[in-house]
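What follows is a set of notes on a single structure, which appears directly below.
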Amino acid sequence: MWLSLAVNAALSLLGYYAAANIIPKFREMFLKANISGKDLNKANQPQIPEASGVISSCIFLIIMFIFIPVPFGNHLVYNKSSDFPYKEFVQFIAALLSICCMVFLGFADDVLNLRWRHKLYLPTIASLPLLMVYFVNINSTTIIVPKPLRILLGHDVDLGFLYYVYMGMLAVFCTNAINIYAGVNGLEVGQSLVIAASIILFNVVEITGDCWKYHLFSLYFMIPFFFTSLALFQYNKYPAAVFVGDTFCYFSGMTVAVVAILGHFSKTALLFFIPQIGNFIFSLPQLFHILPCPRHRLPKLHPESGLLRTSTFEYKEKSMSPLGRLVLKLYQMLGVVKVEKSNREDTYQATNCTLINLALKLFGPSHEKRLNARLLIFQVRRERKMDNVTSDIEILNEWTTFDESNGTNYTFNVTLDGGGGELSFENLYPVLLQTFVVIVLGYLSGRWGIIGQTESKGLNTFVGHFALPCIIFTALAELDFR
1 MWLSLAVNAA LSLLGYYAAA NIIPKFREMF LKANISGKDL NKANQPQIPE
51 ASGVISSCIF LIIMFIFIPV PFGNHLVYNK SSDFPYKEFV QFIAALLSIC
101 CMVFLGFADD VLNLRWRHKL YLPTIASLPL LMVYFVNINS TTIIVPKPLR
151 ILLGHDVDLG FLYYVYMGML AVFCTNAINI YAGVNGLEVG QSLVIAASII
201 LFNVVEITGD CWKYHLFSLY FMIPFFFTSL ALFQYNKYPA AVFVGDTFCY
251 FSGMTVAVVA ILGHFSKTAL LFFIPQIGNF IFSLPQLFHI LPCPRHRLPK
301 LHPESGLLRT STFEYKEKSM SPLGRLVLKL YQMLGVVKVE KSNREDTYQA
351 TNCTLINLAL KLFGPSHEKR LNARLLIFQV RRERKMDNVT SDIEILNEWT
401 TFDESNGTNY TFNVTLDGGG GELSFENLYP VLLQTFVVIV LGYLSGRWGI
451 IGQTESKGLN TFVGHFALPC IIFTALAELD FR
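Residue numbers (full-length UniProt numbering): 1 to 482.
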């Protein structure tokens, strides 16, 4: 196991070096092919090559193709065909097939500029190999019910066919959520790096448990993904030399969905998507055209100061539907949308419904580099308690396997409960994870010039009056003495 991880890490470092050297060499090629776009958040709006995510994703796939024999090397070298792990091998290949399909479809979207309804179909199609392998190899649809709902639903529920619908929707959500939560240099890759780092740390902590094989499988994919994406981030951060395009958004979302589904920690994976879930829910009225939705909801650059301000949409109150007026009024009451009278008669303007605009509304106009750092700090916020996060191997609560050697069925029961009246490393995992991420982001914030340069109503107030109490409360809650 450790040798395989060492080889995987070494290949990942080579992938980082390769991506860091290849990406700038392809800039002119993309520009000549007219695969480029304007950086609307810059005063001169330079032409930036798009779809550079296809380079990092292809390097990721090459690394994984080279790595395929390594986990199964013992069986290949000693010709142990009788006990070859065919199920694990098929899962590995199916995962790569789904990711490869998503990269191809994402690049087609960048080149052909597909419509939004097609962007919902593509991840569904790409996830079919994954779901078929899951059906053949595992086909367990029992989930562990969260503790507050166990009084009503019991300890576990068998969802049946609905679980496959859920997994398909998870793939669609992961691929599109990163794409929607974008608009400033480095945000798409930055949020993917935070999610990948959190999953890697989660897998490392859990790899000593009973279900270590599933976390090892996840690490095989997440480590190369992290390093190849880190190389891309070097050129996509402010000021961006390349744009990642829809290719990277689809690639990163499908990679996370693959390890979450086949690694059996889909609920935990969703915890790392809290900002994306919030942004999606906040954007729903515009996505479904309950409120007017302009083509671009990016922040608006103020040329004189060089700062980004909230972007707006205009509407006439008489022409808006009753539901639209109700939603807008609710957003006003919650303080997440600002409505003002427009210069034109009977016309109003309201801020667009995205977390980026909400951050600008709360903290005021901001430089793009500082705004991106603030949004990445938001990424580590968790809105609900991670109660017994280590018990999130929900599919493995009970399963049956067939031993072909003696024709016997074996039934296994796994109970991974974080409580038990004693303080253990598993109990402290969420606290350690949150502390680690906060320390790393605090260091990056210092380097990026955020902390210490904000006004009293800015980030310092947020950290002092909201983030730190949340961390302390989560730490106390996660000890969970019973």
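Backbone N, C-alpha and C fix where the C-beta goes; we use that ideal spot for every residue, glycine too.
Quick caveat, the model's predicted, so the values are computed rather than measured.
- Item | Cutoff 8 Å; reference L13; Cβ partners in own chain excluding five residues on either side | Walking along the sequence shown from the start, residue 13 turns up at place 13. Around L13: F227.
- Out of curiosity, what's the CA-to-CA distance linking D210 and L149? Reading the sequence shown from its first residue, position 210 is the one you call residue 210. Reading the sequence shown from its first residue, position 149 is the one you call residue 149. Spanning the two alpha carbons is a distance of roughly 26 Å.
- Query: If you draw a straight line from the C-alpha of Q234 to the C-alpha of I195, how long is it?
  - Reply: In the sequence shown, residue 234 corresponds to position 234, counting from 1. In the sequence shown, residue 195 corresponds to position 195, counting from 1. CA-CA distance, Q234 to I195, rounds to 17 Å.
- Contacting residues, own chain, Cβ-Cβ under 6 Å from C174 (five flanking each side not counted): On the sequence shown, residue 174 is found 174 positions in, with the first residue counted as 1. Cβ neighbours of C174 beyond the five flanking positions: G253, V256 and A257.
- Can you tell me the Cβ-Cβ gap for Q349 and F313, rounded? I've got them flagged as a contact below 8 Å. The sequence position of residue 349 within the sequence shown is 349, counting from 1. The sequence position of residue 313 within the sequence shown is 313, counting from 1. Right, their Cβ atoms sit about 7 Å apart.
- Item | Simplified DSSP assignment, three categories, for F481 | Translated into positions along the sequence shown, residue 481 becomes position 481. Because F481 carries a pLDDT of 30, less than 50, the predicted location of this residue cannot be relied on, and no value is offered for it.
- Stretch pair the segment 103 to 112 + the segment 240 to 253: three plus CB contacts closer than 8 Å: yes
- Can you name the residues that DSSP bridges to Q349? The count along the sequence shown starts at 1 and reaches residue 349 at position 349. E314 and E340, per the DSSP bridge assignment.
- Whole angstroms is fine: what's the gap from Y163's alpha carbon to Y121's? Counting from 1 along the sequence shown, the entry for residue 163 is found at position 163. Counting from 1 along the sequence shown, the entry for residue 121 is found at position 121. Those two C-alpha atoms are separated by around 19 Å.
- If you follow the beta strand (DSSP E) that K38 is part of, which residue opens it and which one closes it? Stepping through the sequence shown from its first residue, residue 38 is reached at position 38. S36 to K38 is the span of the beta strand (DSSP E), which, as asked, contains K38.
- Query: If you count every other CB in all the chains shown that lies within 10 Å of the CB of H302, and 16 or more means buried, which is it?
  - Reply: Your numbering for residue 302 matches position 302 in the sequence shown. H302 is exposed by the Cβ-count criterion.
- Message: Using a 10 Å radius around the Cβ and a threshold of 16 neighbouring Cβ atoms, would you call T141 buried or exposed?
- Response: To locate residue 141, count along the sequence shown from 1; it is residue 141. Within a 10 Å sphere around the beta-carbon of T141 sit 16 or more other beta-carbons, which makes this residue buried.
- Message: Applying the 10 Å Cβ sphere with the 16-neighbour rule, what's the burial state of A19?
- Response: In the sequence shown, residue 19 corresponds to position 19, counting from 1. Label assigned to A19: buried.
- Do L355 and Y166 have their C-beta atoms within less than 8 Å of each other? Translated into positions along the sequence shown, residue 355 becomes position 355. Translated into positions along the sequence shown, residue 166 becomes position 166. In this structure, L355 lies away from Y166, with their beta-carbon atoms at least 8 Å apart.
- Query: What's the call for V77, buried or exposed, on a 16-neighbour Cβ count within 10 Å?
  - Reply: Reading the sequence shown from its first residue, position 77 is the one you call residue 77. Residue environment: V77 is assigned as exposed (fewer than 16 neighbouring CB atoms within 10 Å of its CB, all protein chains considered).
- For the beta strand (DSSP E) that D210 lies in, which residues bound it at each end? Taking the sequence shown and counting its residues from 1, one reaches residue 210 at position 210. Looking at the DSSP string, D210 is not in any beta strand (DSSP E), and its letter there is neither H nor E.
- Task: Determine, using beta-carbon pairs with one atom in the segment 36 to 56 and one in the segment 193 to 208, whether at least three such pairs fall under 8 Å.
- Result: no
- Item | Distance between R374 and G364 (C-alpha atoms, nearest Å) | Position 364 of the sequence shown holds residue 364. Position 374 of the sequence shown holds residue 374. Cα to Cα, G364 sits roughly 12 Å from R374.
- Item | CB contact flag (K341, T351, <8 Å) | Taking the first residue of the sequence shown as 1, we reach residue 341 at position 341. Taking the first residue of the sequence shown as 1, we reach residue 351 at position 351. No, the Cβ-Cβ distance between K341 and T351 is not below 8 Å.
- For H302, does the three-state DSSP call read helix, strand or coil? Within the sequence shown, the letter at position 302 stands for residue 302. Look at H302 here: in three-state DSSP terms it is strand.
- Message: In this structure, how does DSSP classify I23 when only helix, strand and coil are distinguished?
- Response: Within the sequence shown, the letter at position 23 stands for residue 23. The answer is helix: DSSP assigns I23 an H, G or I state.
- Item | Runs of beta strand (DSSP E) lying entirely within the segment 125 to 211, each at least 3 residues, in chain order | 142 to 144 and 156 to 158
- So, are the CB atoms of F30 and S52 less than 8 Å apart? Locating residue 30 in the sequence shown gives position 30, where the first residue counts as 1. Locating residue 52 in the sequence shown gives position 52, where the first residue counts as 1. In this structure, S52 lies closer than 8 Å to F30 by Cβ.
- Task: With a cut-off of 8 Å on the beta carbons, I'd call L170 and A260 a contact; round off their distance for me.
- Result: Start at 1 with the first residue of the sequence shown, and residue 170 comes out as number 170. Start at 1 with the first residue of the sequence shown, and residue 260 comes out as number 260. Right, the Cβ-Cβ distance comes to about 7 Å (below 8 Å), so this counts as a contact.
- Task: Check each candidate in H289, N137, M320 and H296 and name the one with the smallest Cα separation from N179.
- Result: On the sequence shown, position 179 is the one that residue 179 refers to. Closest by alpha carbon: H296.
- Message: Whole angstroms are fine: how far does the CA of L298 sit from the CA of L153?
- Response: Counting from 1 along the sequence shown, the entry for residue 153 is found at position 153. Counting from 1 along the sequence shown, the entry for residue 298 is found at position 298. L298 has its alpha-carbon roughly 43 Å from the corresponding atom of L153.
- Task: Would you be able to state if there are at least three C-beta pairs under 8 Å between the segment 82 to 91 and the segment 130 to 144?
- Result: At 8 Å Cβ cutoff, the stretches touch.
- Would DSSP call Q47 helix, strand or coil? The residue labelled residue 47 in the question sits at position 47 within the sequence shown. It is a strand residue.
- Thinking C-beta only, is A269 closer than 8 Å to I207? Along the sequence shown, read from residue 1 onward, the residue named residue 207 stands at position 207. Along the sequence shown, read from residue 1 onward, the residue named residue 269 stands at position 269. Not closer than 8 Å, so no.
- Determine the DSSP secondary structure at R115, reduced to helix, strand or coil. Looking up residue 115 in the sequence shown gives position 115. Looking at R115 - three-state DSSP - the assignment turns out to be coil, as it is neither helix nor strand.
- Buried or exposed: which applies to L3, given that a residue is buried once 16 or more other Cβ atoms fall within 10 Å of its Cβ? Reading the sequence shown from its first residue, position 3 is the one you call residue 3. With fewer than 16 Cβ atoms within 10 Å of its Cβ, L3 is classed as exposed.
- Report all residues from its chain with a CB closer than 8 Å to the CB of L308; omit the five preceding and five following residues, and keep chain order. Here residue 308 corresponds to residue number 308 of the sequence shown, with the count starting at 1. Cβ within range, chain order: N41, V184, P299, K300, L301, H302, L360, P365, S366, H367, E368 and L371.
- Does DSSP put F402 in a helix, a strand or coil? Your numbering for residue 402 matches position 402 in the sequence shown. Its pLDDT being 40, under 50, F402 is placed unreliably in this model, and the value from its coordinates should be taken loosely. Note: F402 maps to strand in three-state DSSP.
- Let me know the secondary structure DSSP gives L291 once reduced to three states. Within the sequence shown, residue 291 is the residue found at index 291, counting from 1. Note: L291 maps to coil in three-state DSSP.
- Query: Where does the unbroken beta strand (DSSP E) through R297 begin, and where does it stop?
  - Reply: Here residue 297 refers to the residue found at position 297 when the sequence shown is read from its first residue. From DSSP, R297 is part of no beta strand (DSSP E); its letter is neither H nor E.
- Using the beta-carbon count (16 or more within 10 Å), is P69 buried or exposed? Position 69 of the sequence shown, counted from the first residue, corresponds to residue 69. Its Cβ having fewer than 16 others within 10 Å, P69 is exposed.
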